[in-house]
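Okay, so the sequence shown: first residue is 106 according to the numbering used here, each after it adds one.
Where is the CB? At the ideal position from N, CA and C, for every residue including glycine.
Bear in mind that the values here come from a model prediction, so they are computed numbers and not experimental data.
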Amino acid sequence: MHRRKNRRLRTILWITVALLAAGALTLAAVLTFSAGGAAPVSPPAAEEVDPPEPPEPPLPPEEPYDPTGLSGYQLKYPEMRVKRPNRNPQGPEEKTAYLTFDDGPSKFTPEILDILDRYGVKATFFVVGEGKEGFDSYYKEIADRGHTLAMHTQTHDYKKIYASVDAFLDDYHQIFTKIERLTGTTPELFRFPGGSVNGYNKKVNTAIIEEMTRRGFLYYDWNVSSADSAKGTTVETVKGNILNATPDLHRAIILMHDASDKRPTVDALPEVIEGLRAQGFVFDRLTQDVKPYTYQ
Ligand code: ZN
């Protein structure tokens, strides 16, 4: 009897609790509805919201390797080619500066990369393969930090590489392979040692250009030189040579060197970047999307 009464009391208690809960829920629903339907969840602060990622542009179609009709040096190193070359690269819309560093890596590479990071600038490194003992990790570092890692030469020996198209390909196959091995990326751009037209390559440069173009590579000369290889180079000459040449340019492809005897280049770099910004330049790296600037 006593127990049954207790049970009845407990049942009544549960029903009361359930009714109260249902009432509270109904009230909450009504309030939400009258507030416009949106649940009053505090939105994240505006600065915490990442802008939506722009959709990846579609990759150009992969060009199949087809040896039909090829002969001689064209058949050498069939893997040395760009699988998705951009056959319609464009010039920049904005006034753009492309900083390019030849001959690296060197003991200064980490310092150059730090300066570029500090200013949020991406650049292009035309690297050499031979005589770079101890610098293996720098090739990957350049690529991993968002810069373009491009081919300059394995040996930088003008007489050797410009002896024939074959000799040029033999040299380039080594730097091509080294970059792929050390970084897992395929280089798609190059710069001729001495530029595309120089005293050593007159007889072969047209044929080299034709062959490298057939393989999908783009090459870039420069329209601004820091002249940091000249005797008596100082921070002031590097700055002056660049900043006096650039004001009227829409795009400046600037030649500098990443080399162990070129301390002034490193020291001038912050002021070069600031000076170019003051002239209205934005910075970009060279890629297959950037129309080449070439002497020939
Ligand atoms: Zn060079």
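Restricting to Cα atoms, I'd like to know which of Gly345, Thr318, Leu348 is closest to Asn191.
Walking along the sequence shown from the start, residue 191 turns up at place 86. Of Gly345, Thr318, Leu348, the residue nearest in Cα terms is Thr318.
Which residue marks the beginning of the alpha helix (DSSP H) containing Val343, and which one marks its end?
The residue given as residue 343 occupies position 238 in the sequence shown. That run of the alpha helix (DSSP H) goes 340-348.
Would you list the one or two residues that DSSP bridges to Tyr324?
The residue labelled residue 324 in the question sits at position 219 within the sequence shown. According to DSSP, which records beta bridges pairwise, Tyr324 is partnered with Phe295.
Once DSSP output is grouped into helix, strand and coil, what is the label at Ala364?
Indexing the sequence shown from 1 puts residue 364 at position 259. Three-state DSSP puts Ala364 in coil, outside helix and strand.
For the ligand ZN, enumerate in chain order all residues having a CB closer than 6 Å to any of its heavy atoms.
So the residues near the ligand ZN by this Cβ test are Asp207, Asp208, His257, His261, Pro298.
For the candidate residues Leu360, Thr351, His362, whose alpha-carbon lies nearest to that of Ala383?
Here residue 383 corresponds to residue number 278 of the sequence shown, with the count starting at 1. Closest by alpha carbon: Thr351.
Taking the beta strand (DSSP E) that Leu254 belongs to, which residues open and close that run?
Position 149 of the sequence shown holds residue 254. Element bounds for Leu254: 253-258.
Based on DSSP bridge pairs, tell me the residues matched to Ala202.
Numbered from 1 along the sequence shown, position 97 holds the residue referred to as residue 202. According to DSSP, which records beta bridges pairwise, Ala202 is partnered with Ala357, Phe388.
Under 9 Å between the Cβ atoms of Asp83 and Pro163?
Since the first residue shown for the chain is 106 and the last is 401, residue 83 is missing from the structure and cannot be characterised.
Where does Asp171 sit, in a helix, a strand or coil, going by DSSP?
Working through the sequence shown from its first residue, we reach residue 171 at position 66. Annotated three-state conformation of Asp171 is coil, per DSSP.
Does the contact criterion of 3 or more C-beta pairs under 8 Å hold for the stretch 292-299 versus the stretch 248-268?
Because the criterion of three Cβ pairs below 8 Å is met, the stretch 292-299 and the stretch 248-268 touch.
Mind pulling the beta strand (DSSP E) runs of 3 or more residues that sit fully within the stretch 237-289?
253-258
DSSP beta-bridge partners for Val302?
Numbered from its first residue, the sequence shown carries residue 302 at position 197. Paired residue(s): none; Val302 is not in a bridge.
In whole angstroms, what separates the C-alpha of Asp394 from that of Glu167?
Within the sequence shown, residue 394 is the residue found at index 289, counting from 1. Within the sequence shown, residue 167 is the residue found at index 62, counting from 1. Rounded to whole angstroms, Asp394 to Glu167 spans 16 Å at the Cα level.
Might you give, ordered along the chain, the residues of its own chain that have their beta carbon closer than 7 Å to the beta carbon of Pro369, omitting 5 neighbours on each side?
Position 264 of the sequence shown holds residue 369. Closer than 7 Å at Cβ, skipping near neighbours: Asp333, Thr338, Thr339, Val340, Val343.
In the DSSP assignment, what are the bridge partners of Asp207?
Mapped onto the sequence shown, residue 207 falls at position 102. In DSSP, Asp207 forms a bridge with Phe231, His362.
Name the DSSP beta bridge partners of Gln401, please?
Translated into the one-based positions of the sequence shown, residue 401 becomes position 296. According to DSSP, Gln401 bridges with nothing at all.
CB-CB under 6 Å to Ser139, same chain, minus the five flanking residues each way: which ones, in chain order?
Along the sequence shown, one-based indexing puts residue 139 at 34. At Ser139 the pLDDT is 46, less than 50, meaning the model places this residue with poor confidence and gives no usable figure here.
Report buried or exposed for Ile173, applying the criterion of at least 16 other Cβ atoms within 10 angstroms of its Cβ.
Counting from one through the sequence shown, the residue named residue 173 turns up at place 68. In the sequence under discussion, the amino acid at residue 173 is Thr, which differs from the Ile named in the question. The residue in question, Thr173, is exposed, as its Cβ has fewer than 16 Cβ neighbours within 10 Å.
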